[in-house]
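Reading the sequence shown from the start, the letters are residues 88 to 354 in my numbering.
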Amino acid sequence: MDSVASSARPHGTITRGTTGINRLRRSDRWLVHHPGVRAALAGAPDPLVVDLGYGAMPNTTLELAARLRSVRSDLRVVGLEIDPQRVVPARDGVHFGLGGFELAGLTPVLVRAFNVLRQYPESDVAQSWATMTAQLAPGGLIIEGTCDEIGRRCAWLLLDATGPLTLTLACDPFDIERPSDLAERLPKALIHHNVPGQPIHDLLTAADRHWAAAAPHGVFGPRVRWRMMLKSLRDNGFPVEQQRRQVRDCILTTPWSAVAPVTGSSR
Numbered sequence: 088m089d090s091v092a093s094s095a096r097p098h099g100t101i102t103r104g105t106t107g108i109n110r111l112r113r114s115d116r117w118l119v120h121h122p123g124v125r126a127a128l129a130g131a132p133d134p135l136v137v138d139l140g141y142g143a144m145p146n147t148t149l150e151l152a153a154r155l156r157s158v159r160s161d162l163r164v165v166g167l168e169i170d171p172q173r174v175v176p177a178r179d180g181v182h183f184g185l186g187g188f189e190l191a192g193l194t195p196v197l198v199r200a201f202n203v204l205r206q207y208p209e210s211d212v213a214q215s216w217a218t219m220t221a222q223l224a225p226g227g228l229i230i231e232g233t234c235d236e237i238g239r240r241c242a243w244l245l246l247d248a249t250g251p252l253t254l255t256l257a258c259d260p261f262d263i264e265r266p267s268d269l270a271e272r273l274p275k276a277l278i279h280h281n282v283p284g285q286p287i288h289d290l291l292t293a294a295d296r297h298w299a300a301a302a303p304h305g306v307f308g309p310r311v312r313w314r315m316m317l318k319s320l321r322d323n324g325f326p327v328e329q330q331r332r333q334v335r336d337c338i339l340t341t342p343w344s345a346v347a348p349v350t351g352s353s354r
């Protein structure tokens, strides 16, 4: 097929469509190595992946397809855009169509929605999540987040049918002075809650403190310093995941329950 046809009315509004080559490389690498994502793709009867809101050019969708095919070579990738003028012909085995949060009626095992909800009011987030999760195939997952224009600072949530599971922060270690520099890229569900009294603020404040304490390790490079910061956070009771392999990106992943907003303390 050359395009994706759906009788469903797209849910959402047209956003800026800003994109760039290799902009989402950090989240792509994370997906490729995430055990849960790999298991979901490997076990899916129909390994369909949807990239929602790919923007003015389909480059990042094509890149996602190429990287995920290292996990499962027969997966299908569909890029959806709510702006009909951005829908392009199929290319490199990837198809494109008109769609929004309803996912054009498709039932994917994995959805990527990057730099989409950032442009919506926070009040729209829960319903947008619910609309997408309702379309997931059994065991399906969603990665929803945001990044800067060249992909050096990123933050994303991993969700399943029950809601958010984890928050991940990722960056080029040479592009930050401290972990809280990533606050400007928090997902819409968290960005307005980075204030004293909120768990996300507590985490970022602690990360800055332990990053500063790990400064002596900076002589071995910022990646070593980041790993020491993660260890110190864990040793002090913060539930951040341990990095199981050497990675080029500085990554911090924590359960959603550790950063979910507390009612009554947001601005």
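Cβ coordinates follow ideal geometry from the N, Cα and C atoms, glycine included. Small disclaimer: the values here were computed from a predicted structure and weren't measured.
{"Query": "Going by DSSP, name the residue or residues bridged to Trp243.", "Result": "Gly232 and Thr255"}
{"Query": "With a threshold of 16 other CB atoms inside 10 Å of the CB of Arg199, please say whether the residue is buried or exposed.", "Result": "buried"}
{"Query": "Starting from Thr341, follow its DSSP beta bridges and name the residues at the other end.", "Result": "Leu254"}
{"Query": "Look at the alpha carbon of Ile338 and the alpha carbon of Lys318, and state the distance between them as a whole number of angstroms.", "Result": "12 angstroms"}
{"Query": "Let me make sure I understand the geometry here. Which of Val165, Leu228, Thr194 and Asp170 has the alpha-carbon closest to that of Leu118?", "Result": "Leu228"}
{"Query": "Under the assumption that Val203 contacts Gly140 (Cβ atoms under 8 angstroms), give the Cβ distance between them as a whole number of angstroms.", "Result": "4 angstroms"}
{"Query": "Within 8 angstroms, do at least three Cβ pairs link the region 271-278 to the region 244-255?", "Result": "yes"}
{"Query": "Tell me which same chain residues have a C-beta within less than 8 angstroms of the C-beta of Pro171, skipping the five on either side of it?", "Result": "Leu185"}
{"Query": "Among Ala143, Ala177, Asn146 and Asp133, whose alpha-carbon lies nearest the alpha-carbon of Ser79?", "Result": "Here the chain has residues from 88 to 354 only, and residue 79 is not among them."}
{"Query": "Round the Cβ separation of Leu167 and Val136 to the nearest angstrom and send it over; I've been treating them as touching at under 8 angstroms.", "Result": "About 11 angstroms separates the two Cβ atoms, so there is no contact after all."}
{"Query": "Just tell me which of Thr148, Asp179, Ala300 and Val212 has its CA closest to the CA of Phe188.", "Result": "Val212"}
{"Query": "What separation, rounded to the nearest whole angstrom, lies between the Cα atoms of Val124 and Leu197?", "Result": "8 angstroms"}
{"Query": "Below 8 angstroms on the Cβ atoms is my guess for Gln222 versus Leu190; work out the distance and round it to an integer in Å.", "Result": "4 angstroms"}
{"Query": "For Asp89, which of helix, strand or coil comes out of DSSP?", "Result": "Note that Asp89 scores 43 on pLDDT, short of 50, meaning its location in the model is unreliable; the coordinates nonetheless yield the value given after this. DSSP places Asp89 in coil when its eight states are reduced to three."}
{"Query": "Around the Cβ of Ile237, are there at least 16 other Cβ atoms within 10 angstroms (buried) or fewer (exposed)?", "Result": "exposed"}
{"Query": "How long is the line joining the alpha carbons of Val327 and Thr194, rounded to whole angstroms?", "Result": "31 angstroms"}
{"Query": "Rounded to whole angstroms, what is the Cα-Cα separation between Pro266 and His120?", "Result": "23 angstroms"}
{"Query": "Using DSSP's beta-bridge definition, name the partner residues of Phe307.", "Result": "Answer is none; Phe307 lacks a bridge partner."}
{"Query": "Just how far apart, CA to CA, sit Arg96 and Ala217?", "Result": "16 angstroms"}
{"Query": "Pick from Arg312, Glu150 and Gly226: whose alpha carbon is nearest that of Phe261?", "Result": "Arg312"}
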